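Protein chains in written order, with the numbering used here: chain E, 9 to 315; chain W, 9 to 315. C-beta: ideal position from N, C-alpha, C; glycine also. Every value quoted in this text rests on a predicted model; they were computed, and no experiment measured them. Inspection log for the structure reproduced underneath, given as structure tokens.
2 protein chains.
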Amino acid sequence: MSLLVIGTVAFDAIETPFGKTDKIIGGAATYISVSASYFRNKINLVSVVGEDFPQATIDMLKGKGINTDGLQIKQGEKTFFWSGKYHADMNTRDTMDTQLNVLSNFDPIIPESYQDCEYLMLGNLMPSLQQKVIKGLRNRPKLIVMDTMNFWMEVALNDLLETMKLVDVLTINDEEARLLTGEYSLVKAARKILTMGPKYLIIKKGEHGALLFHEKEVFFAPALPLEEVFDPTGAGDTFAGGFIGYITSTGDTSFENMKRAVIHGSAMASFCVEKFGLERIEGLSEGEIDERIQEFINLVQFEITLV
Amino acid sequence: MSLLVIGTVAFDAIETPFGKTDKIIGGAATYISVSASYFRNKINLVSVVGEDFPQATIDMLKGKGINTDGLQIKQGEKTFFWSGKYHADMNTRDTMDTQLNVLSNFDPIIPESYQDCEYLMLGNLMPSLQQKVIKGLRNRPKLIVMDTMNFWMEVALNDLLETMKLVDVLTINDEEARLLTGEYSLVKAARKILTMGPKYLIIKKGEHGALLFHEKEVFFAPALPLEEVFDPTGAGDTFAGGFIGYITSTGDTSFENMKRAVIHGSAMASFCVEKFGLERIEGLSEGEIDERIQEFINLVQFEITLV
Numbered sequence: 009m010s011l012l013v014i015g016t017v018a019f020d021a022i023e024t025p026f027g028k029t030d031k032i033i034g035g036a037a038t039y040i041s042v043s044a045s046y047f048r049n050k051i052n053l054v055s056v057v058g059e060d061f062p063q064a065t066i067d068m069l070k071g072k073g074i075n076t077d078g079l080q081i082k083q084g085e086k087t088f089f090w091s092g093k094y095h096a097d098m099n100t101r102d103t104m105d106t107q108l109n110v111l112s113n114f115d116p117i118i119p120e121s122y123q124d125c126e127y128l129m130l131g132n133l134m135p136s137l138q139q140k141v142i143k144g145l146r147n148r149p150k151l152i153v154m155d156t157m158n159f160w161m162e163v164a165l166n167d168l169l170e171t172m173k174l175v176d177v178l179t180i181n182d183e184e185a186r187l188l189t190g191e192y193s194l195v196k197a198a199r200k201i202l203t204m205g206p207k208y209l210i211i212k213k214g215e216h217g218a219l220l221f222h223e224k225e226v227f228f229a230p231a232l233p234l235e236e237v238f239d240p241t242g243a244g245d246t247f248a249g250g251f252i253g254y255i256t257s258t259g260d261t262s263f264e265n266m267k268r269a270v271i272h273g274s275a276m277a278s279f280c281v282e283k284f285g286l287e288r289i290e291g292l293s294e295g296e297i298d299e300r301i302q303e304f305i306n307l308v309q310f311e312i313t314l315v
Numbered sequence: 009m010s011l012l013v014i015g016t017v018a019f020d021a022i023e024t025p026f027g028k029t030d031k032i033i034g035g036a037a038t039y040i041s042v043s044a045s046y047f048r049n050k051i052n053l054v055s056v057v058g059e060d061f062p063q064a065t066i067d068m069l070k071g072k073g074i075n076t077d078g079l080q081i082k083q084g085e086k087t088f089f090w091s092g093k094y095h096a097d098m099n100t101r102d103t104m105d106t107q108l109n110v111l112s113n114f115d116p117i118i119p120e121s122y123q124d125c126e127y128l129m130l131g132n133l134m135p136s137l138q139q140k141v142i143k144g145l146r147n148r149p150k151l152i153v154m155d156t157m158n159f160w161m162e163v164a165l166n167d168l169l170e171t172m173k174l175v176d177v178l179t180i181n182d183e184e185a186r187l188l189t190g191e192y193s194l195v196k197a198a199r200k201i202l203t204m205g206p207k208y209l210i211i212k213k214g215e216h217g218a219l220l221f222h223e224k225e226v227f228f229a230p231a232l233p234l235e236e237v238f239d240p241t242g243a244g245d246t247f248a249g250g251f252i253g254y255i256t257s258t259g260d261t262s263f264e265n266m267k268r269a270v271i272h273g274s275a276m277a278s279f280c281v282e283k284f285g286l287e288r289i290e291g292l293s294e295g296e297i298d299e300r301i302q303e304f305i306n307l308v309q310f311e312i313t314l315v
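Okay, here's the thing in structure tokens:
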């Protein structure tokens with residue numbers, strides 16, 4: 009099964025209470041693609057970088073079966089750069105620097121060979137660009153998943169609302185769900201969002217897990233209790249990659265299978281936060297992933313027979 | 009099976025963003041006993057009230073099969089009173105007033121008829137009094153569960169640590185686990201606490217659920233996503249009551265059964281927060297409880313078969 013991923017490919021510089029990085033590889037589409045690649049999918053990447061972006065990383069992506077024909081490399085330009093610093097509780101962070109660079113005039117072009125993609129993951133990006141990708145596909149994918157963030161709710165709300173109407177699944181965090189709806193209760197927020205376009209909503213609560221809403225149904229997946237959260241950067245994207253990667257590999261968009269996909273996404277995210285950047289999720293073995301999934305099963309499964 | 013419950017029986021005055029109460033019935037032992045009574049246990053209450061405490065409430069407790077022979081009624085004295093105000097997020101509160109009254113010289117006396125109790129629930133109280141109850145029992149109960157709070161960590165830490173050595177299960181919230189151990193990570197905090205006496209630890213995270221730790225095992229139960237949390241007062245005690253009530257009724261202290269007990273506790277707590285004080289949990293039907301348990305099953309259960 010094939011998946012189209014669009015989003016940023018970037019440089020990040022990260023500071024956490026545990027340490028500090030120089031420029032490392034980041035970007036929503038990077039985390040999503042790498043995470044989704046573990047589910048043996050054909051992945052087609054659409055993004056943009058500058059001439060400063062390392063060929064070794066592009067080779068690493070190719071090595072994971074990620075098609076980079078849609079990754080534009082802009083000569084004479086620089087890659088998108090983001091720098092952030094996490095507070096002691098790791099739940100909040102400050103953006104220290106944002107240099108849009110190649111992103112400021114990014115025009116996502118979908119290679120002809122990508123047109124047969126059955127699944128589409130819209131990583132966090134200007135909503136107008138996410139929408140352009142949807143409209144650039146001749147056939148509507150079987151499932152469109154969209155990630156976004158509070159920033160677009162503040163500066164491009166109309167574009168965001170228009171784009172939301174075109175997607176099947178929206179993934180946002182708890183604060184963003186509240187911001188988008190003006191409802192403090194996540195149940196009320198979810199009910200509103202499910203009238204705005206998406207038929208499925210995933211609310212990510214970081215260390216407190218994730219909720220999947222659909223019609224009157226709700227499913228909850230915890231985050232794995234970890235000894236240390238080393239660096240949360242990319243955890244949400246890694247979650248999204250595991251989610252859509254699992255769905256793509258199974259070709260099953262039922263609610264029951266989405267629950268399994270949420271668990272797989274949560275497992276992938278639990279690896280991501282153990283080290284800086286892509287470090288932990290770049291070289292996972294199938295055995296490690298299965299073991300982690302088993303930990304999630306052990307964490308929440310119980311037997312109650314109601315008479 | 010029989011359960012001994014000790015803790016406060018009190019008057020509360022509560023203010024939340026949804027409203028304000030006059031003096032209503034509260035107290036840890038009240039919530040625990042009422043919650044545990046739904047599991048058809050013989051419950052024996054040890055506590056103290058003043059002459060101002062309503063007979064109607066004592067009759068209500070008796071009507072639920074709660075033996076009040078150990079409830080001392082002090083003539084000429086007043087019942088313990090607590091008043092608190094919740095912040096907008098409902099996760100934090102300020103204590104507005106505390107009047108110890110009868111609690112200041114409370115000497116818990118265990119009626120002879122209580123001596124055969126197989127399960128003991130120590131509701132939040134001065135640790136020295138909790139310890140006195142343990143030592144006042146001729147036979148050690150099959151399981152001793154202890155609840156406590158940050159206040160005792162600050163003013164009676166040594167007594168608390170001594171009492172902890174005598175119990176099987178400790179229930180505290182996430183902030184208290186951090187305060188007690190100096191560890192931010194709950195996994196690290198739990199590991200430390202499990203060397204301090206209790207073989208089982210429950211960390212309550214309010215709207216974010218509860219974690220049960222034992223040796224290397226961990227189980228997570230979510231809180232039910234609710235449209236509104238109306239009044240969180242007593243939710244932790246109601247959880248504890250459901251937990252020990254379920255264990256008492258089944259007579260099974262295995263880890264597998266403790267998981268089920270945590271789910272039952274969570275279900276009871278999810279009712280408690282829907283109205284002020286005891287209002288919601290006073291008149292529950294068996295059908296309502298089963299339905300709520302089913303909602304928890306639906307919320308977290310998924311099928312993944314690892315090959």
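What residue range does the alpha helix (DSSP H) around Leu165 (chain E) cover? Walking along the first sequence from the start, residue 165 (chain E) turns up at place 157. DSSP places Leu165 (chain E) in the uninterrupted alpha helix (DSSP H) bounded by 165 to 172.
Extent of the continuous alpha helix (DSSP H) run through Lys70 (chain W): For the purposes of this step, residue 70 (chain W) is taken as residue 62 along the second sequence, with counting starting at 1. Segment 63 to 71, the alpha helix (DSSP H) holding Lys70 (chain W).
Whose CA, out of E:Leu12, E:Met172, E:Trp90, lies closest to the CA of Ser121 (chain E)? One-based indexing of the first sequence puts residue 121 (chain E) at position 113. When each option's Cα is compared against that of Ser121 (chain E), the closest is E:Leu12.
Would you identify the three-state DSSP class for Ile312 (chain W), choosing helix, strand or coil? Sequence index remark: in the second sequence, residue 312 (chain W) carries index 304 (1-based). If DSSP states are grouped into helix, strand and coil, Ile312 (chain W) belongs with coil.
Pull up the DSSP beta-bridge partners for Gln107 (chain W), would you. As a first step, residue 107 (chain W) must be located in the second sequence, where it is residue number 99. Under DSSP, Gln107 (chain W) shares a beta bridge with W:Phe89.
Sequence ranges, alpha helix (DSSP H) only - wholly within the stretch 215 to 281 of chain E, length at least 4: When DSSP assignments are scanned along the stretch 215 to 281 of chain E, the uninterrupted stretches of alpha helix (DSSP H) that are 4 or more residues long and fall wholly within it turn out to be 243 to 258, 263 to 280.
Looking at chain E, is there any beta carbon in it that lies within less than 8 Å of the beta carbon of Ser278 (chain W)? Taking the second sequence and counting its residues from 1, one reaches residue 278 (chain W) at position 270. Cβ-Cβ to chain E under 8 Å: no for Ser278 (chain W).
With DSSP as the reference, label Ser55 (chain W) as helix, strand or coil. Here residue 55 (chain W) refers to the residue found at position 47 of the second sequence. Reduced to three states, the DSSP call for Ser55 (chain W) is strand.
Could you pull out every residue in the same chain whose Cβ sits closer than 8 Å to the Cβ of Leu232 (chain E), ignoring the five residues on either side in sequence? Here residue 232 (chain E) refers to the residue found at position 224 of the first sequence. Counting only Cβ-Cβ distances below 8 Å, and skipping sequence neighbours, we find Ser274, Ala275, Ser278, Arg300, Glu303, Phe304, Leu307.
Can you tell me whether Ser10 (chain E) is helix, strand or coil according to DSSP? For this step, residue 10 (chain E) is matched to residue 2 along the first sequence. Assigned with DSSP and collapsed to three states, Ser10 (chain E) falls in strand.
Please name the residues in the stretch 233 to 249 of chain E whose beta-carbon is closer than 7 Å to at least one beta-carbon of chain W, in chain order. Answer in chain order: Pro233, Leu234, Glu235, Glu236.
Residues, ordered as in the chain, of the stretch 282 to 299 of chain E that lie near chain W by beta-carbon distance below 8 Å: Cβ proximity to chain W below 8 Å picks out Asp298 from the stretch 282 to 299 of chain E.
Give the secondary structure of Tyr208 (chain E) by DSSP, where H, G and I count as helix, E and B as strand, and everything else as coil. Position 200 of the first sequence, counting from 1, holds the residue named residue 208 (chain E). Strand.
Go through its chain and collect everything with a Cβ distance to Leu202 (chain E)'s Cβ below 7 Å, but skip five positions before and after it. For the purposes of this step, residue 202 (chain E) is taken as the residue at position 194 of the first sequence. Leu209, Phe221.
Measure the C-alpha to C-alpha separation of Ile118 (chain E) and Phe89 (chain E) and round it to an integer number of angstroms. Residue 118 (chain E) sits at position 110 when you count from the first residue of the first sequence. Residue 89 (chain E) sits at position 81 when you count from the first residue of the first sequence. Cα-Cα distance, rounded: 23 Å.
Selected residue, minimal CA-CA separation from Ser262 (chain W), among E:Phe251, E:Cys280, E:Glu311: Residue mapping note: residue 262 (chain W) aligns to position 254 of the second sequence, counting from 1. Minimum Cα distance to Ser262 (chain W) is reached at E:Glu311.
Go through its chain and collect everything with a Cβ distance to Asn158 (chain W)'s Cβ below 6 Å, but skip five positions before and after it. In the second sequence, residue 158 (chain W) corresponds to position 150, counting from 1. If we look at Asn158 (chain W) and ignore the five residues flanking it on each side, its Cβ neighbours are Glu184, Leu187.
Boundaries of the alpha helix (DSSP H) in which Asp182 (chain E) is found, first to last residue: Against the first sequence, residue 182 (chain E) aligns to sequence position 174. Segment 182 to 189, the alpha helix (DSSP H) holding Asp182 (chain E).
Boundaries of the beta strand (DSSP E) in which Glu23 (chain E) is found, first to last residue: Your numbering for residue 23 (chain E) matches position 15 in the first sequence. First-last of the beta strand (DSSP E) with Glu23 (chain E): 18 to 24.
Cβ-based neighbour list, Glu215 (chain E), same chain, cut-off 6 Å, excluding 5 preceding and 5 following: On the first sequence, residue 215 (chain E) is found 207 positions in, with the first residue counted as 1. Counting only Cβ-Cβ distances below 6 Å, and skipping sequence neighbours, we find Ala231.
Which whole-angstrom value is the C-beta distance of Glu58 (chain E) and Gly35 (chain E), which I expect to be below 8 Å? Translated into positions along the first sequence, residue 58 (chain E) becomes position 50. Translated into positions along the first sequence, residue 35 (chain E) becomes position 27. The question names Glu, yet the displayed sequence has Gly at residue 58 (chain E). 12 Å between Cβ atoms; not a contact.
DSSP beta-bridge partners for Thr179 (chain E)? As a working note, residue 179 (chain E) is residue 171 in the first sequence. Partner residues in the beta bridge of Thr179 (chain E), as assigned by DSSP, are E:Asp155, E:Ile210.
Contacts of Ile316 (chain E) in chain W (Cβ-Cβ under 8 Å): In this structure chain E extends from 9 to 315, so residue 316 (chain E) is not present and cannot be described.
So, do the stretch 75 to 95 of chain W and the stretch 279 to 298 of chain W have three or more beta carbon pairs nearer to each other than 8 Å? Because the criterion of three Cβ pairs below 8 Å is not met, the stretch 75 to 95 of chain W and the stretch 279 to 298 of chain W do not touch.
Please check the pair Ile74 (chain W) and Ser45 (chain W), which I expect to be a contact at CB under 8 Å, by giving their CB distance rounded to whole angstroms. Here residue 74 (chain W) refers to the residue found at position 66 when the second sequence is read from its first residue. Here residue 45 (chain W) refers to the residue found at position 37 when the second sequence is read from its first residue. With a contact defined as Cβ atoms closer than 8 Å, Ile74 (chain W) and Ser45 (chain W) qualify at about 6 Å.
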